[in-house]
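Taking the working numbering, I'd label the letters of the sequence shown as residues 4 to 511.
Just below is one structure, and these are the notes that go with it.
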Amino acid sequence: MTSAADSLSPEILSGALLTTAEMGRADALTIARGRPGSVLMENAGRAVAEAVTARFPPGPVAVLCGPGNNGGDGFVAARLLAEQGWPVTLFLLGPRDGLKGDAAEAAARWPGEMRPLTADAADGAALVIDAIFGAGLARDVDGIVAELIDRVAAAGLPVAAVDVPTGLDGDSGQPRGTAFKATLTVTFFRLKPGHLLLPGRRLCGELKVADIGIPSDVLGEIAPQTFIDHPPLWAADFPRPSVDGHKYTRGHAVVVSGGAAHTGAARLAARGALRAGAGLVTVATPPAALLVNAAHLTAIMLAPFDGADGLTAILEDKRKNALLIGPGAGVGAATRENVLAALLSGAAMVLDADALTAFAEIPRDLFVAIKGYFAGPVVLTPHEGEFARLFPALAASGESKLVRARRAAAEAGAVIVLKGADTVIAAPDGRAAININAGPELATAGSGDVLGGIVLGLLAQGMPPFEAAAAGVWLHGEAGAAFGPGLIAEDIPEMLPAVLRDLPAELG
Numbered sequence: 004m005t006s007a008a009d010s011l012s013p014e015i016l017s018g019a020l021l022t023t024a025e026m027g028r029a030d031a032l033t034i035a036r037g038r039p040g041s042v043l044m045e046n047a048g049r050a051v052a053e054a055v056t057a058r059f060p061p062g063p064v065a066v067l068c069g070p071g072n073n074g075g076d077g078f079v080a081a082r083l084l085a086e087q088g089w090p091v092t093l094f095l096l097g098p099r100d101g102l103k104g105d106a107a108e109a110a111a112r113w114p115g116e117m118r119p120l121t122a123d124a125a126d127g128a129a130l131v132i133d134a135i136f137g138a139g140l141a142r143d144v145d146g147i148v149a150e151l152i153d154r155v156a157a158a159g160l161p162v163a164a165v166d167v168p169t170g171l172d173g174d175s176g177q178p179r180g181t182a183f184k185a186t187l188t189v190t191f192f193r194l195k196p197g198h199l200l201l202p203g204r205r206l207c208g209e210l211k212v213a214d215i216g217i218p219s220d221v222l223g224e225i226a227p228q229t230f231i232d233h234p235p236l237w238a239a240d241f242p243r244p245s246v247d248g249h250k251y252t253r254g255h256a257v258v259v260s261g262g263a264a265h266t267g268a269a270r271l272a273a274r275g276a277l278r279a280g281a282g283l284v285t286v287a288t289p290p291a292a293l294l295v296n297a298a299h300l301t302a303i304m305l306a307p308f309d310g311a312d313g314l315t316a317i318l319e320d321k322r323k324n325a326l327l328i329g330p331g332a333g334v335g336a337a338t339r340e341n342v343l344a345a346l347l348s349g350a351a352m353v354l355d356a357d358a359l360t361a362f363a364e365i366p367r368d369l370f371v372a373i374k375g376y377f378a379g380p381v382v383l384t385p386h387e388g389e390f391a392r393l394f395p396a397l398a399a400s401g402e403s404k405l406v407r408a409r410r411a412a413a414e415a416g417a418v419i420v421l422k423g424a425d426t427v428i429a430a431p432d433g434r435a436a437i438n439i440n441a442g443p444e445l446a447t448a449g450s451g452d453v454l455g456g457i458v459l460g461l462l463a464q465g466m467p468p469f470e471a472a473a474a475g476v477w478l479h480g481e482a483g484a485a486f487g488p489g490l491i492a493e494d495i496p497e498m499l500p501a502v503l504r505d506l507p508a509e510l511g
């Protein structure tokens, strides 16, 4: 079984993601402990040179250096490649006497010619090493650099980027004006959010993370709050069946069905919850949908209900400890009333689809209820359209997906699963994870309903909401990868046994 995460090493996958500011602090903490910045730069440039020689055949290479430490890394890589016999031409953006500190020292050790960076700097090269600007670029790329990026793209030249491709914001994954599309990106110590958020992930190409001598224990001082969504993040809380357990100890999940014409989404979610390990699953169904649901369900039970009072009565049985409302529920007052009634039960809840859109005109009412005294943990699972309906100001803010999800979680008092190929899971306490194993096969009708059901099944088993959401998103991605092309939503729950069977190995 393979997924998009397979190109990254276990050490990378189990680590935190660092913002550009946090990475700067990691450098500073290391230097304060007595390891000179020049040593870190030498190690970084060496890592780039080694990655280039391992990935590309020898040939004419244009090394493009900027005026800062990113350029300093480029000087080191250029020197080491030249020592190995590579034909290296080095270009510098700005005057040589503008270089400072470690970058100036690295430039002084470059024995060759230093040409001014021009729009045609890569002409005649077989490979470009991009060391112009790093992850902390504070302005849009323009002028000569933008022209150079366009010429390299038009020529189809391979690019090896140092830290991030020039023009890519390391925190948001968004291009600043324009950006190189790299074949290979070599970064240092830990990945940044921009390496994984789209379109940054596509612009980085193959990712390599190099050890340049920064001790891992600096993370204790930095206390990062952003992570890759992968089993080490949530393994400690993942539910494991006990030899003395039974179905009631594994939780009883409830999925609220829509009317007779809109029942399939609820059944998909219910199947996801059952395959994710919930001991019992019940579909709460309006009387008009009872027969159509009964005709399709076997291991999943049915409970008729009529309106919010009927749903309240079902949830009076406190063994029914987790609830999903939204898929096929309908948009309107009835869904709002069902959501508000369910929040008073104290059950863990997943709100998706129609349950989110139903509050588009009055989102504050939902958020107040989520933060109410009786409410249990809540997970909201919007795609971008539903997010914009519930959080219009955030959607229009222009902030990164990571920032928007974090702010939405704090505003709503709930875990947010902002779905997409780069799904972000964010908790009200500031923790966030970026998922990377969702393949394009998951872009099929009903896939999100199954995801909601998987998260529901994990909540029913007592998993905390952030961990349940992150685990659910990862399991969903792995199930899609396990099936591959031709996937439809009904296939996803049926792939979960194979994914769960392999999970102990994933957890190490």
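Every residue, glycine too, gets a C-beta built ideally from N, C-alpha and C.
Just so we're clear, the structure is a prediction, and the values are computed from it rather than from any experiment.
Under 8 Å between C-beta atoms of residue i and residue j
i    : j    : result
A332 : D309 : no
I495 : D232 : no
L347 : I373 : no
T426 : A411 : no
A429 : A408 : yes
V131 : A65  : yes
P468 : V418 : yes
L194 : L210 : yes
S245 : T288 : no
L67  : I135 : yes
V453 : E481 : no
E444 : F486 : yes
Y251 : R322 : yes
P70  : G37  : no
A19  : F230 : yes
L283 : H255 : yes
V381 : L343 : no
A361 : G388 : no
R49  : L83  : yes
N73  : G137 : yes
L461 : A471 : yes
A125 : G62  : no
G465 : P242 : yes
S403 : Q228 : no
T169 : A182 : yes
A325 : A351 : yes
For residue i, the first and last residue of its enclosing alpha helix (DSSP H)
i    : result
N72  : N72 to E86
V131 : Not the alpha helix (DSSP H): V131 falls in the beta strand (DSSP E), residues L130 to A134.
A157 : G146 to A158
F390 : E387 to L393
S34  : The question names Ser, yet the displayed sequence has Ile at residue 34. Start and end: T23 to A35.
L294 : L293 to A297
S41  : G40 to R58
I373 : P366 to I373
R142 : No alpha helix (DSSP H) contains R142, which DSSP labels as neither H nor E.
A361 : No alpha helix (DSSP H) holds A361; DSSP gives it neither H nor E.
R112 : No alpha helix (DSSP H) contains R112, which DSSP labels as neither H nor E.
E340 : A336 to L346
Beta-bridge partners of residue i, as assigned by DSSP
i    : result
M352 : L326 and V381
P307 : T288
L536 : As shown, the chain starts at 4 and ends at 511. That puts residue 536 outside it, with no answer to give.
P119 : L95
L171 : P178
L283 : H255
L20  : T229
Range covered by the beta strand (DSSP E) that runs through residue i
i    : result
P234 : Careful: P234 lies outside any beta strand (DSSP E), inside the alpha helix (DSSP H) at P234 to W237.
I419 : V418 to L421
F94  : V91 to L95
A2   : It is not possible to answer for residue 2, since the shown part of the chain is limited to 4 through 511.
CB contact below 8 Å: residue i versus chain D
i   : result
P39 : Among the chains of the structure shown, chain D does not appear; only one protein chain is present.
>> Quick check for students: name the residue ranges of the beta strand (DSSP E) that lie wholly in the stretch 190-232, counting only runs of 3 or more.
In response: 209-213 and 229-231
> Does the stretch 105-113 come close enough to the stretch 25-36 that 3 or more CB-CB pairs lie under 8 Å?
Replying inline: no
>> With three or more C-beta pairs closer than 8 Å as the rule, is the stretch 441-460 touching the stretch 261-279?
In response: yes
>> Under 8 Å, with one C-beta from each stretch per pair, do the stretch 364-372 and the stretch 158-170 reach the 3-pair mark?
In response: no
> Taking only runs of the beta strand (DSSP E) that begin and end inside the stretch 406-491, which ones reach a length of at least 3 residues, in chain order?
Replying inline: 418-421, 427-429 and 435-437
> Which ranges does the beta strand (DSSP E) cover as unbroken runs of at least 3 residues, wholly within the stretch 242-274, from first to last along the chain?
Replying inline: 255-259
> Within the chosen definition, does the stretch 215-226 reach the stretch 195-205 through at least 3 CB pairs nearer than 8 Å?
Replying inline: no
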